[in-house]
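Written out below as structure tokens is the structure these notes cover.
Residue numbers (our numbering), protein chains in the order written: chain A, 3 to 229; chain B, 268 to 495.
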């Protein structure tokens, strides 16, 4: 089996990220896997509308804008996925009566954009210094009609796939997934295989994100040491 | 700096011998305790000083903490005090009498938009922060109060902390070239005042440019700005 972009079945696309790109957001990150690219800006903790105010924790708001056009139902679903994933991982109780706003802008959609959005949101939250229980990383894989499983599918592969699975994990994948999204027809053993592949992939994504954040910390720490 | 230990959210902290001896650990910003484990909640460099541990990272959004000097802008006036925007989630309250020598009959009247330098006296997550423009123990202003004239700009909290800790080389580089006044708020707001608008803007630009420069580069940058 050859993939359209000549990757191996278990090979993810080249990852790329930039931290603190937006000058006015409290934290921001761009995360790209191949041609799928997502920009995320985080504001918080900021003042909250009275309607959303919670007396014991921060309110999490997620806004997702697609690459083209207005947000549709699927984008709204992705928003709710990101919110429910991070509501448990952000230490909301440390900043009661405030708002943490996560703005996600899809720059280019070439498949696995939900996973990219979750990864970008993690990096932006870390950049903003929002207290987190753990880092979150997500990965996607697809089961093709022949039964072959490919990781990090492009839009073309996902469109022709039998089923597509996205999993998000906290820092320790052994602790189980934080979010599961499986679409299409699949058997239990296919699901389990996808789970294992995505867990391994999420660990690699996490290692990539870790090195990116550590690079930024080292740059600033060296500066303090030098002066 | 001897050792740089970068930690990320979720990293379990190795408190070493201290925890095994059953000693009390005091956790500062960026660290949380869950069950038996102490882990980082923010990304940054792990520091320890005796039994005190904390994570130092750079950010842009201020979260008020007691005793910290802040620069704010008056946004409203109420019967009991002013509302001051200090960049945190909620505006701070500045009581009408929290100034040096203020009495019920004789107290400063601040217009909306006035820049003030104050100290946070009440900061907890369930209440709006409160600041005062004098030391309530001595009754002296100690440099706090209205900042007239000059120019206020924003910077990252990391830069503000370095400026106020005098570890930022830009202030020395700037001070050797021109006289200026400065009020640094750890909320990432800095007010500068020099002779005339040109010099004031120059000082502000120099400080803003200095975030990622070392001492030599700072001197060079200041010289270039002055030569323009």
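Here a beta-carbon is modelled for each residue, glycine too, at the ideal position from N, C-alpha and C.
In this text the structure is predicted, and so the values were computed from the model without any measurement.
Practice prompt. Check residue 476 of chain B in the structure and name its three-state DSSP category.
Written response: helix
Item to complete: Determine the chain A residues that contact residue 474 of chain B at a beta-carbon separation under 9 Å, and present them in chain order.
Response: Going along chain A, no residue has its Cβ under 9 Å from residue 474 of chain B, so there is no contact; the nearest lies around 13 Å.
Discussion item. Quick check on residue 328 of chain B: does DSSP put it in helix, strand or coil?
Written reply: coil
Discussion item. Given this structure, state the Cα-to-Cα distance separating residue 409 of chain B from residue 77 of chain A, to the nearest angstrom.
Written reply: 54 Å
Worksheet item: Of the choices B/391, B/387, B/378, B/393, whose alpha-carbon is the least far from that of residue 401 of chain B?
Response: B/387
Item to complete: Starting from residue 167 of chain A, follow its DSSP beta bridges and name the residues at the other end.
Response: A/143, A/184
Discussion item. If you follow the alpha helix (DSSP H) that residue 81 of chain A is in, where does it begin and where does it stop?
Written reply: 75-91
Discussion item. Within 7 Å of any Cβ in chain B, is that where the Cβ of residue 59 of chain A sits?
Written reply: no
Item to complete: Please go through the same chain and pick out, in chain order, the residues whose beta-carbon is closer than 8 Å to the beta-carbon of residue 269 of chain B, but skip the five residues on each side of it.
Response: Model confidence at residue 269 of chain B stands at a pLDDT of 46, short of 50, so the residue's coordinates are unreliable; what they give is reported in the following sentence. Nothing meets the Cβ criterion.
Practice prompt. Find out if the Cβ-Cβ distance for the pair residue 381 of chain B, residue 322 of chain B is shorter than 7 Å.
Written response: no
Discussion item. Let me see if you follow: with CB-CB separation under 7 Å, is residue 149 of chain A close to chain B or not?
Written reply: no
Worksheet item: Hey, is residue 309 of chain B's beta-carbon within less than 7 Å of any beta-carbon in chain A?
Response: yes
Practice prompt. Give a yes or no on contact between the region 290-305 of chain B and the region 354-365 of chain B, applying the rule of three or more CB pairs nearer than 8 Å.
Written response: no
Discussion item. Against chain B, with Cβ distances strictly below 7 Å, would residue 228 of chain A count as a contact?
Written reply: Residue placement at residue 228 of chain A cannot be trusted, given a pLDDT of 49 that sits under 50; what the coordinates show is reported in the next sentence. It does: the Cβ of residue 228 of chain A has a partner Cβ on chain B nearer than 7 Å.
Fill in: Burial state of residue 370 of chain B (16 or more Cβ within 10 Å)
exposed
Worksheet entry | Cross-chain neighbours of residue 357 of chain B in chain A, by beta carbon under 7 Å | 49
Practice prompt. Verify the CB distance criterion: does residue 523 of chain B have a CB-CB separation below 7 Å to chain A?
Written response: No information on residue 523 of chain B is available, as it lies outside the stretch 268 to 495 that chain B covers here.
Discussion item. If contacts are defined as beta-carbon pairs under 8 Å, then residue 277 of chain B and residue 173 of chain A qualify, I think. What distance do you get, rounded to the angstrom?
Written reply: 4 Å
Worksheet item: The alpha helix (DSSP H) with residue 491 of chain B in it runs from where to where?
Response: 482-494
Worksheet item: With a Cβ-Cβ cutoff of 7 Å, do residue 64 of chain A and residue 85 of chain A count as a contact?
Response: yes
Worksheet item: For the region 378-457 of chain B, which segments carrying the beta strand (DSSP E) assignment without a break, of at least 3 residues, lie completely within its bounds, in sequence order?
Response: 382-389, 397-399, 412-414, 418-421, 447-452
Discussion item. Within 7 Å of any Cβ in chain A, is that where the Cβ of residue 443 of chain B sits?
Written reply: no
Discussion item. Can you give me the C-alpha to C-alpha distance between residue 356 of chain B and residue 100 of chain A, rounded to a whole angstrom?
Written reply: 6 Å
Item to complete: Alpha carbon to alpha carbon, how far is residue 9 of chain A from residue 319 of chain B? Give it in angstroms, no decimals.
Response: 50 Å
Worksheet item: Going along chain B in order, which residues have a C-beta closer than 8 Å to the C-beta of residue 97 of chain A?
Response: 330, 356, 392
Worksheet item: In whole angstroms, what separates the C-alpha of residue 13 of chain A from that of residue 161 of chain A?
Response: 19 Å
Item to complete: List the residues of chain B whose Cβ lies closer than 7 Å to the Cβ of residue 222 of chain A, in chain order.
Response: 325, 425
Worksheet entry | Best match in B/315, B/307, B/397, B/367 for proximity to residue 351 of chain B [C-alpha to C-alpha] | B/397
Discussion item. Can you list, in chain order, the residues of its chain with a C-beta nearer than 6 Å to that of residue 3 of chain A? Leave out the 5 residues immediately preceding and following it.
Written reply: 150
Worksheet item: Is residue 455 of chain B near residue 430 of chain B, with beta carbons less than 7 Å apart?
Response: no
Worksheet item: Quick one: does the C-beta of residue 337 of chain B sit closer than 6 Å to a heavy atom of the ligand ZN?
Response: You won't find the ligand ZN in this model; it holds no ligand whatsoever.
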